[in-house]
Amino acid sequence: IIFKSFGIPQTSLFSSVEEVDPEVIGVTFKDVRGADEAKNELRGIVSYLRDPERYTQLGARLPKGVLLVGPPGTGKTLLAKAIAGEAQVPFFQASGSEFDELFVGQGARRVRDLFARAKEKAPCIIFIDEIDSVGSKRVADAMHPHANQTVNQLLSEMDGFNTNDGVIVIGATNRVKDLDAALLRPGRFDIQVQVPYPDLEGRKEII
50 IIFKSFGIPQ
60 TSLFSSVEEV
70 DPEVIGVTFK
80 DVRGADEAKN
90 ELRGIVSYLR
100 DPERYTQLGA
110 RLPKGVLLVG
120 PPGTGKTLLA
130 KAIAGEAQVP
140 FFQASGSEFD
150 ELFVGQGARR
160 VRDLFARAKE
170 KAPCIIFIDE
180 IDSVGSKRVA
190 DAMHPHANQT
200 VNQLLSEMDG
210 FNTNDGVIVI
220 GATNRVKDLD
230 AALLRPGRFD
240 IQVQVPYPDL
250 EGRKEII
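Given below as structure tokens:
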């Protein structure tokens, strides 16, 4: 009834999640200039996504989540797409700031939907841009009981799948200190990859 009264179809609640097929990503590490250190740190993720069964048989364990940390404009989104392009896997992209944009409490539902869709397409990548918007520190606020639902759901979803399920969650942020500490504990976002502004050599590559 609420959806109809506002003239908004229920399916539009999840329209902020963009699924990109591997054939149309069109971005690889060659397209990311001035971020050699970050690319080297992420090559293991690419190898795993290309053949997760082989890595599982070898007993290898990769992180469930990777944080790309750096100031705005350093190419974090492009880098995340390049991982999917290199591995040739589906790429699910969402913006953290959009999860709760329509109705209070719908953020948790969007998170559930995102992970459910990704598991069906594994191996794949979930990329959450501005993850500090959805994963900020929880607060004890009786006036806003829904304030923590979205981050709690994100924590629950990351705890609900194994590293051999073939889903890698990549978050991008320039405010890592604002993230809830629980997201940074082992078994969630285990790895932080710094994506700074390029140095002189990196700038020459871009030019």
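The opening position of the sequence shown corresponds to residue 50 in our numbering, with each subsequent residue numbered one higher.
Cβ coordinates follow ideal geometry from the N, Cα and C atoms, glycine included.
Because the structure is a prediction, the values reported are computed rather than measured.
Residue nearest to residue i in terms of C-alpha spacing, selected from the options
i: Gly-184; options: Ser-144, Gln-106, Pro-71; result: Ser-144
i: Ile-177; options: Arg-187, Glu-90, Met-207; result: Met-207
i: Ala-87; options: Leu-116, Glu-68, Ile-174; result: Leu-116
i: Asn-223; options: Thr-212, Asp-214, Val-242, Pro-71; result: Val-242
i: Glu-147; options: Lys-79, Phe-78, Thr-199; result: Thr-199
i: Asn-197; options: Val-160, Asp-214, Gly-108; result: Val-160
i: Val-244; options: Asp-85, Glu-72, Val-188, Leu-107; result: Asp-85
i: Lys-130; options: Ala-157, Val-225, Phe-78, Arg-158; result: Phe-78
i: Glu-90; options: Val-138, Thr-212, Leu-128, Gly-156; result: Leu-128
i: Val-138; options: Asp-229, Arg-103, Ser-96; result: Ser-96
i: Gln-303; options: Gln-155, Thr-212, Val-225, Leu-233; result: Limits of the chain in this structure are 50 at one end and 256 at the other, which puts residue 303 out of reach.
i: Gln-155; options: Asn-201, Leu-233, Pro-71; result: Asn-201
i: Pro-235; options: Lys-168, Glu-102, Arg-110, Glu-72; result: Arg-110
Check whether residue i and residue j have beta carbons under 7 Å apart
i: Ile-217; j: Ile-74; result: no
i: Pro-112; j: Ile-219; result: no
i: Ala-231; j: Leu-204; result: yes
i: Phe-238; j: Gly-114; result: yes
i: Ile-180; j: Ala-133; result: no
i: Arg-99; j: Ala-136; result: yes
Whole-Å CB distance - residue i paired with residue j, under 8 Å assumed
i: Phe-37; j: Arg-166; result: The question about residue 37 has no answer here: the residues shown for the chain are numbered 50 through 256.
i: Gly-83; j: Pro-247; result: 3 Å
i: Val-69; j: Leu-163; result: About 14 Å separates the two Cβ atoms, so there is no contact after all.
i: Val-81; j: Gly-124; result: 6 Å
i: Thr-171; j: Gly-108; result: The question names Thr, but residue 171 in the sequence shown is Ala. Contact flag wrong, Cβ pair sits at about 19 Å.
i: Arg-48; j: Asp-229; result: Absent from the model: residue 48. The displayed extent of the chain is 50 to 256, so no value can be given.
Run of the beta strand (DSSP E) containing residue i, from where it starts to where it stops
i: Leu-116; result: 114–118
i: Phe-176; result: 173–178
i: Val-216; result: 216–222
i: Gln-243; result: 238–243
i: Ala-143; result: 140–144
Run of the alpha helix (DSSP H) containing residue i, from where it starts to where it stops
i: Val-73; result: 71–74
i: Gln-137; result: Looking at the DSSP string, Gln-137 is not in any alpha helix (DSSP H), and its letter there is neither H nor E.
i: Ser-93; result: In the sequence on display, residue 93 carries Gly and not Ser. 85–99 is the span of the alpha helix (DSSP H), which, as asked, contains Gly-93.
i: Asn-211; result: Segment: none, Asn-211 is in no alpha helix (DSSP H) and carries neither H nor E.
Residue i, DSSP secondary structure in three states
i: Ala-167; result: helix
i: Leu-127; result: helix
i: Leu-107; result: coil
i: Gly-184; result: coil
i: Met-192; result: With a pLDDT of 48 at Met-192, under the threshold of 50, the modelled position of this residue cannot be trusted, and the question is left open.
i: Val-66; result: coil
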